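Data first, discussion second: the structure below is written as structure tokens.
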Amino acid sequence: MATTSSTPQTSVSPSPSFAEKSTAPVSYVFQAKVDTRLPEVVGGKGSRFTVKDPATHETREILDGMTGAAVGALGWGDEDVVDFITKAAKNTTYQFPAVIGNRPAEELAEYYIKRSPPGTFAAATWTTSGSESNELALKTIRQYWLERGKPQKIKNLSRYTSYHGYSLGCLSLGNNNRAFPFKDILHPDTQFVKLPEFYPYHYQKEGETLEEYSERLLKQYEDIILKEDPETIASMTVETISGTSIGTPVPTKTYMYGLRKLCTKYDILFHLDEVMCGTGRINSGGLNCWENFLPLNEGPDLQTVGKTLGSGYVTIAGLLVSSKIRDEYVKGSNVIVGSSTYASNAFNCYVALEIQKKIEELNLTKNMFEQGNYLGAQLKEKLASSKIAGEVRGLGGFWTVEIVKNKATREPFARSLSIYNMTKNACFENGLSVVGSNDCIRDVGGDFIMFAPHFTLTKEEADEMVKITVESIKQVEEQLETSGHL
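Residue 1470 in my numbering is what sits at position 360 of the sequence shown, and the numbering runs on without skipping anything.
Okay, structure coming up:
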């Protein structure tokens, strides 16, 4: 567990004179590495963005392999989006959403519901982040059971090595190294019960098929449900394809449908977190990632979305609920308890809807699925001879390269080496932006880099991403050999 110093810390903003005299640029933004001014993005076009070094003022063009936090869809600097934003500013007016509604929010909800399998969702609400959406999902789940007269259902099932957001509720729901420093102020483990993660690369037994592994997990899940008492369990939350906590392991249909059936059998709400993997990132022509794995009439009871919904142009995410949930509210209090200032914001919803319409018009989700799978196939082929590129895994527009010390045993490197940072930084120096993450193997460590490009990705751009990745991993490999760590 991460520790912090008990010595009282003082935060003092440097005076302008100090900033002027300092040899290093001063950052006034309280984020990332606190005393370091980060490279600054100063523009972008398509699949590339431009960064400026705050010290030297030199600029570089970077190929965007991750679109920040997997938010990109249309590409940067899209002229149509400039027009959408201008029209939204002219045609929308803010009012508090709990009192006065707006048409863009209604139209965006209708759009998403009608482009999901018939009967899956009945209503939606819009937030400003995936964390807020998952926090709202927890509140919605709680109120649902109160409306049904089952207040004893207070436990939430989720998986080890998962991430659902940065708020305290979401950190409690998840399980990863970003939560550990705050463990003493999170919700109790007895309320947020953890299930084994789906991670065949490390947890599938020798001689065991993927189907057998899936069935073994489902049996473990059912045993945990029975041990905890189904009458106390409110929900099960799962990332359809997990992101930065574990690196995009693709579930089997047996596994996903098994989750759905367990929730139905024991009267547990089935919540899919598709903030990172959904809204077109992994669907050959639609919006929802789960359509790859579940019967279309067996969708989730509620689903959280975000990221590509606004394509990085507006801060928007959302929560969709089924008629099962909506109808129970209507039969009961018919009131949503609480609201946030910018929920279902008209400006955000207007822009997001126009972005989604353009994505649909250009059939970009199909392009993302096809070019993304091409990217993954090329990474697998070109990294096959690498000494440290362990598994390449993913689907559609969401891919991971896990870095290991020994490909035969799948042993990870020591945490202290920060291999994920070395690899991410090497890629960036070579002109490619990816995300690096660690601790994918519970209580052990593990390193990986991730890709989530724009839906506009071309074959040529995919080839360039692969070329830079292969070169960068080779450089890291050579550094490790030189230093005696490989």
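We treat Cβ as the ideally placed atom computed from N, Cα and C, and that holds for glycine.
On a predicted model such as this, the values are computed, not experimentally measured, just so you know.
Unbroken alpha helix (DSSP H) run spanning residue i, endpoints
i: residue 1521; result: Per DSSP, residue 1521 belongs to no alpha helix (DSSP H) and is neither H nor E.
i: residue 1616; result: Coverage of the chain is limited to positions 1111 through 1596, which leaves residue 1616 absent and any answer about it impossible.
i: residue 1645; result: This structure gives no information on residue 1645, because the portion of the chain shown stretches from 1111 to 1596.
i: residue 1534; result: 1529-1539
i: residue 1142; result: That residue, residue 1142, is in no alpha helix (DSSP H); it is neither H nor E in DSSP.
i: residue 1349; result: From DSSP, residue 1349 is part of no alpha helix (DSSP H) but of the beta strand (DSSP E) over 1343-1349.
i: residue 1220; result: 1213-1224
i: residue 1372; result: 1363-1375
i: residue 1177; result: 1177-1180
Contacts around residue i, its chain only, beta-carbon distance under 7 Å, and the 5 residues preceding and following it disregarded
i: residue 1499; result: 1493, 1511, 1513, 1583
i: residue 1255; result: 1261, 1263, 1344
i: residue 1421; result: 1181, 1182, 1183, 1184, 1465
i: residue 1409; result: 1227, 1230, 1400
i: residue 1442; result: 1257
i: residue 1368; result: 1324, 1328
i: residue 1551; result: 1312, 1522
i: residue 1158; result: 1171, 1172, 1173, 1174
i: residue 1155; result: 1186, 1187
i: residue 1354; result: 1273, 1545, 1547, 1560
i: residue 1452; result: 1238
Residues of its chain near residue i, where Cβ-Cβ distance is below 6 Å and the 5 sequence neighbours each way are ignored
i: residue 1279; result: 1245, 1248
i: residue 1566; result: 1185
i: residue 1153; result: 1160
i: residue 1162; result: 1150, 1152, 1169
i: residue 1455; result: none
i: residue 1505; result: 1360, 1392
i: residue 1284; result: 1272, 1273, 1274
i: residue 1217; result: 1463
i: residue 1191; result: 1423
i: residue 1479; result: 1394, 1506
i: residue 1501; result: 1311, 1512
Cβ-based burial, residue i [other Cβ within 10 Å; buried from 16]
i: residue 1413; result: buried
i: residue 1403; result: buried
i: residue 1057; result: Given a span of 1111 to 1596 for the chain in the structure shown, any question on residue 1057 remains unanswerable.
i: residue 1140; result: exposed
i: residue 1562; result: buried
i: residue 1269; result: buried
i: residue 1336; result: exposed
i: residue 1138; result: exposed
i: residue 1435; result: buried
i: residue 1519; result: exposed
i: residue 1166; result: exposed
i: residue 1418; result: buried
i: residue 1407; result: exposed
Span of the beta strand (DSSP E), counted from its first residue to its last, around residue i
i: residue 1160; result: 1158-1162
i: residue 1304; result: 1302-1305
i: residue 1190; result: Careful: residue 1190 lies outside any beta strand (DSSP E), inside the alpha helix (DSSP H) at 1189-1201.
i: residue 1155; result: 1150-1155
i: residue 1550; result: 1545-1551
Residues near residue i by beta carbon distance below 8 Å, same chain, minus five either side
i: residue 1252; result: 1264, 1344
i: residue 1301; result: 1264, 1265, 1266, 1282
i: residue 1330; result: 1305, 1306
i: residue 1289; result: 1281, 1282, 1296
i: residue 1199; result: 1457
i: residue 1555; result: 1522, 1523, 1524, 1525, 1548, 1549
i: residue 1449; result: 1206, 1207, 1208
Decide yes or no for the touch test of the stretch 1201-1216 against the stretch 1371-1384: beta carbon pairs closer than 8 Å, at least 3 of them.
no
Taking contact to mean 3 or more Cβ pairs, one atom from each stretch, closer than 8 Å, check whether the stretch 1562-1571 and the stretch 1523-1537 are in contact.
Taking 8 Å as the limit for Cβ pairs, the verdict is that the stretch 1523-1537 does not touch the stretch 1562-1571.
Please determine if the stretch 1231-1239 and the stretch 1415-1432 are in contact, where contact requires at least 3 C-beta pairs separated by less than 8 Å.
yes
Would you mind listing the alpha helix (DSSP H) stretches within the stretch 1471-1508 that are 4+ residues and don't spill past its ends, in chain order?
Whole alpha helix (DSSP H) segments, 4+ residues: 1474-1492.
If you pair each beta-carbon of the stretch 1361-1376 with each one of the stretch 1345-1353, do three or more pairs fall below 8 Å?
yes
Which runs of the beta strand (DSSP E) at least 3 residues long sit entirely within the stretch 1239-1311? Give them in chain order.
1265-1269, 1302-1305
Which complete beta strand (DSSP E) runs does the stretch 1389-1459 hold, if anything under 3 residues is left out?
1412-1415, 1427-1431
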